[in-house]
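Residue numbers (the working numbering): 454 to 637.
The structure is reproduced here in structure tokens:
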């Protein structure tokens, strides 16, 4: 985004070298920088919080697992951990999406302002291109998110199935053992 803005400013300043335009462009770039920085910081904070939560949950589960070293509790803890991981991932993705959307919106606003300031054909074309690119990016991101969610859900389902099968296997094995003992 920063590079794009700088490039745009360069092109405009070359065409008409006036102090007013220069100042406006500088202000725009500064605004962009501020917005991007704030969003990045927000993202970092959110990620750190998520990680801390995940660590705490994991520790708690580990403690519980150590206390009760049985098959049932183990499976339960595993399922809970997977669930927690899923929740964390979902929240993180949502936050990321929100931040990205915010940045996009801000950039769009900036572009609109610039367009209003100087209505040249070149600028219009650039605006259109930028809009298209942004839309494409957003669409791609959405698609990626959907795919990730689907994958996670599938994994969860598989895990649950595995758990159920393992339980059934254990039961069958136990019965077989009992049968063997009785036969002997």
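Ideal placement from N, C-alpha and C gives every residue a C-beta, glycine not left out.
If you draw a straight line from the alpha carbon of residue 597 to that of residue 582, how long is it in whole angstroms?
-> The straight-line gap from Cα to Cα measures roughly 22 Å.
Straight-line gap, residue 631 to residue 616 (C-alpha atoms, nearest Å): Going from the Cα of residue 631 to the Cα of residue 616 covers about 23 Å.
**Message:** Beta-carbon within less than 7 Å of residue 469's beta-carbon, same chain only, minus the 5 sequence neighbours each way: which residues are those?
**Reply:** Residue placement at residue 469 is poorly supported in this model, since its pLDDT is 49, which falls under 50; the coordinates still yield a value, given next. Closer than 7 Å at the Cβ level, and outside the excluded window around residue 469, lies no residue.
Given this structure, state the Cα-to-Cα distance separating residue 626 from residue 633, to the nearest angstrom. The alpha-carbon atoms of residue 626 and residue 633 are separated by roughly 10 Å.
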